[in-house]
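Student: Each protein sequence line maps, in turn, to chains A and B. Going letter by letter, the first sequence gives residues 170 to 447 in this note's numbering. Going letter by letter, the second sequence gives residues 80 to 298 in this note's numbering. This is the structure, below, for whatever I ask next.
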Amino acid sequence: MPVQVEAPRIQTRDQRPASASGTEVRDKTKVAVKDLNFFYGRTQALHNISLEIPERIVMAFIGPSGCGKSTFLRTLNRMNDVIPATRVAGQVLIDDRDIYAPGTDVVELRRRVGMVFQKSNPFPKSIFENVAYGLRINRVTSSSSELAGRVEEALKDAALWNEVKDRLKTSALSLSGGQQQRLCIARALAIRPEVLLMDEPASALDPIATSKIEELIFDLKKQYTIVIVTHNMQQAARVSDTTAFFLLGKLIEVNTTEKMFTAPNEKLTEDYITGRFG
Amino acid sequence: MDPHRHLDDELSSLRDRVLLLGGEAEQALERAMYALTERDSEVARDVLDHDDRVDHLEVEIDRQCIDIIALRQPAARDLRFVISVAKMAPVLERIADHACNIARAALDLNNEPELKSVLGLGRMADHALKMLRSALDAFTSGDAIVAREIIKSDTEINDLYNHTFHRLIELMVTEPATATRDARLLFVAKHLERIGDYVTDICELTVYMAEAAFIKHSN
C-alpha cells in the first residue's frame, strides 16, 4: 500500500541564509496543502494530499501518466475550476490563506500564481503585446514607458530579451518553439507572480531549447517559488530542489531531489525511479 | 515485455565482471602466498604474467560503468550499484597489484636460504583471503550487516601486522645476516596489511550500495 505522507518539511539543497546577517533562513512555507481530495464527477483523482512547498525553491512533481500530478498542480491556482463537475475538498494555503475559502478573488489568485503550459500558447499578437497583455488587462502600469520597462524586464527574466529586442513588433508566432515557450514564461512573469506553475514546460522542445528553459528555471527560483510537472525524470533531477512522487492520485513520497534519486524512502518510489514500475 | 530488461542485463553483466575481477584478485593473492611459502617461483611468475588480465578487466569495468551511466542514466539502487562497482574495480586491481608485489618478493627470496619467519605471514594471508572472500560474498548478496562485521575484523590483520613487524625487527637485530631477507618479508607483511584496508573499502562500498549510507572515514 502506498504510504501517506504527512506534510513533510523539506530541507532544500541550498538553504542559504536569505539575509546578509545570516540570521534568517530561507525556509518559509509558501504553499501548504492539507488533506486535499479532488473529484472529477464521481471519480476521485486525488486522495488526501498533504504537502508543504517552501518559498523560492523548485519542486518537481513526477509520476506515471494519470497519477494526478497535473490535476494537483492545477489545484494550486484553481485552474480546475473551469472544468465542469469537479469538486475539491481540503485546503490549499498560500501564505497561510486558503485559496478555496469563500470570497477568494480567483483572478487575483492567478495573478499571484502564474502558469506555463506544456504547449506554448502565444497570442496571435506581437512579441511586445504578448508580454504587455497581462499588464494592460490588470492595469498594472500607468504609462507607456513603465509598460515598456516591465515588458523588457520580463523578457530579460525569461532570458529572451537579447533574442527579440530588435523585433518586438513582429508576430510572436514567428518565434521558434523554445522561444515561444520562453515568451509565455515572460508573459507569466510580467505580472510578477509569487508562484510559477509549469506543466511539462519543455516536453515539446528540442534539447537546446529544453536546456535554456531549465537554465531559466534555475535562475528564476531566486525570485519565485516554482512547481514543475515533468515526465522527464532527469529533468526533475536537474532542475528541482525537492521532488514529489505521485501514484494513483496519492502522494507517495516527497523528499529532497538528491535523496529521491539516490536513495528514496519508499519502495514504490524506487521502483518508479529505476524504471521497474508496473 | 519488461522495458527494463536491457538495463537489468547490463547490470547483471557488470556484476559478473566485477566478481570475475574479485576472483582474479583473490586467486592472485592465494597463489602469490603459495609461491612465497612453498618457494615455487613458477607460480610467482604465473601471478605476474596474469596481471595483464586483471588490468584489462578493470578497464572493461570502467568502460561499462561509464556506458551505463551515460546511456541508461541509472537512479536510486541501480545508481548506487554502478557507482559502487566503479569504485570497487580499482580497489580489486590494487589488491592484485599487491599480490604481484608479494610474488616479486617470492622470486627474490626463493633464490635465498629459507627463512622460518615466512611461516608467520601465513596467518596474515589466511585472514586477508578470508576477508576478501567474505567481502565479495557480502557484495554479491548486498549484505551490509556482514560487510560491517568484515570491517571490524580488519583490526585482527592490523594486530597480526604489528606482531609480525616487531618479530621481524627483532630478527634483524639478533640475526643481522638475514636482515635483507627479513626486510623483504616486512614489505610482504605491509602488502597484506594494505589488502586488509582495501577489503574494508570494498565493504564500505557494499554498505553504501545496500543502505545508501556513507560510512567511510566514520571510524
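Glycine residues also receive a C-beta, built at the ideal position from the N, C-alpha and C atoms. Note that the coordinates shown come from a computational prediction; the quantities given were computed from them, not determined experimentally.
Answer yes if the segment 287-301 of chain A comes into contact with the segment 342-358 of chain A, meaning at least three C-beta pairs across the two stretches below 8 Å, and no otherwise.
Tutor: They touch, by the three-pair rule.
Student: Could you give the distance in angstroms between the alpha-carbon of Val-261 of chain A and the alpha-carbon of Met-367 of chain A?
Tutor: Approximately 18 Å, taken between the alpha carbons.
Student: From Thr-192 of chain A to Ala-107 of chain B, what distance separates their C-alpha atoms?
Tutor: Since pLDDT at Thr-192 of chain A reaches only 36, below the 50 mark, its modelled position is unreliable, and no value is offered.
Student: I'd like to know whether the C-beta of Pro-433 of chain A is nearer than 7 Å to at least one C-beta of chain B.
Tutor: So yes, Pro-433 of chain A belongs to the interface.
Student: So Ala-155 of chain B contacts chain A; which residues on that side make the cut at Cβ distance below 7 Å?
Tutor: Within chain A, the residues near Ala-155 of chain B are Phe-430, Thr-431, Ala-432, Pro-433, Glu-439, Ile-442 and Thr-443.
Student: What are the start and end residues of each continuous beta strand (DSSP E) run of 3 or more residues lying completely inside the segment 224-276 of chain A, in chain order?
Tutor: Counting whole runs of 3 or more residues, the segment 224-276 of chain A contains the beta strand (DSSP E) stretches 227-231 and 255-263.
Student: Would you verify that the beta carbon of Gln-403 of chain A is, or is not, closer than 7 Å to some beta carbon of chain B?
Tutor: Judged by the 7 Å Cβ criterion, Gln-403 of chain A is in contact with chain B.
Student: If distances are taken between C-alpha atoms only, which option among B:Val-122, B:Met-167 and B:Leu-99 comes closest to Arg-110 of chain B?
Tutor: Of the candidates B:Val-122, B:Met-167 and B:Leu-99, the one whose C-alpha sits nearest the C-alpha of Arg-110 of chain B is B:Val-122.
Student: With a threshold of 7 Å between beta carbons, is Ala-291 of chain B in contact with chain A?
Tutor: So, interface residue.
Student: Could you give the residue range of the beta strand (DSSP E) that holds Ile-360 of chain A?
Tutor: No beta strand (DSSP E) holds Ile-360 of chain A; DSSP gives it neither H nor E.
Student: Nearest-angstrom Cα distance between Glu-298 of chain A and Asp-250 of chain A?
Tutor: Cα to Cα, the separation comes out at about 27 Å.
Student: Could you tell me which chain A residues have their CB closer than 7 Å to the CB of Gln-152 of chain B, listed as they occur along the chain?
Tutor: Correct list: Gln-403.
Student: Once DSSP output is grouped into helix, strand and coil, what is the label at Leu-344 of chain A?
Tutor: Coil at Leu-344 of chain A, not helix or strand.
Student: Which chain A residues sit within Cβ distance under 7 Å of Leu-158 of chain B?
Tutor: The contacting residues are Thr-431.
Student: Look at the Cβ atom of Leu-205 of chain A, then the Cβ atom of Gly-272 of chain A, and state whether they are nearer than 7 Å.
Tutor: In this structure, Gly-272 of chain A does not lie closer than 7 Å to Leu-205 of chain A by Cβ.
Student: Give the DSSP bridge partners of Ala-184 of chain B, in chain order.
Tutor: Answer is none; Ala-184 of chain B lacks a bridge partner.
Student: Quick check: is the beta carbon of Lys-295 of chain B nearer than 7 Å to any beta carbon in chain A?
Tutor: With 7 Å as the cut-off, Lys-295 of chain B does not count as an interface residue toward chain A.
Student: Please report how far the alpha carbon of Ser-91 of chain B lies from the alpha carbon of Cys-179 of chain B, in whole angstroms.
Tutor: Whole-angstrom Cα-Cα distance: 29 Å.
Student: For His-206 of chain B versus Arg-273 of chain B, is the C-beta spacing smaller than 7 Å?
Tutor: No, the Cβ-Cβ distance between His-206 of chain B and Arg-273 of chain B is not below 7 Å.
Student: Beta-carbon separation of Val-126 of chain B and Met-210 of chain B under 7 Å?
Tutor: No, the Cβ-Cβ distance between Val-126 of chain B and Met-210 of chain B is not below 7 Å.
Student: Only counting the same chain, and skipping five residues up and downstream in sequence, which positions put a Cβ closer than 6 Å to that of Ala-114 of chain B?
Tutor: The answer, listed in chain order, is Val-122, Ala-123, Ala-182 and Ala-185.
Student: Between the Cα of Arg-173 of chain B and the Cα atoms of B:Met-112, B:Glu-193, B:Asn-190 and B:Glu-105, which residue gives the shortest distance?
Tutor: Considering only alpha carbons, the answer is B:Glu-105.
Student: In the DSSP assignment, find the alpha helix (DSSP H) that holds Thr-379 of chain A and state where it starts and stops.
Tutor: Taken as a continuous stretch (DSSP letters only), the alpha helix (DSSP H) holding Thr-379 of chain A covers 376-389.
Student: With three or more beta-carbon pairs closer than 8 Å as the criterion, would you say the segment 311-329 of chain A touches the segment 263-281 of chain A?
Tutor: The segment 311-329 of chain A vs the segment 263-281 of chain A: no contact.
Student: Cutting at 7 Å between CB atoms, please list the residues of its own chain near Met-112 of chain B, excluding the five before and the five after it.
Tutor: Cβ neighbours of Met-112 of chain B beyond the five flanking positions: Ile-181 and Ala-204.
Student: Assess contact between the segment 185-194 of chain B and the segment 218-233 of chain B, defined as three or more Cβ pairs (one per stretch) separated by less than 8 Å. Is contact present?
Tutor: The segment 185-194 of chain B is not in contact with the segment 218-233 of chain B.
Student: In the DSSP output, which residue or residues are listed as bridge partners for Gln-213 of chain A?
Tutor: Paired residues: A:Phe-208.
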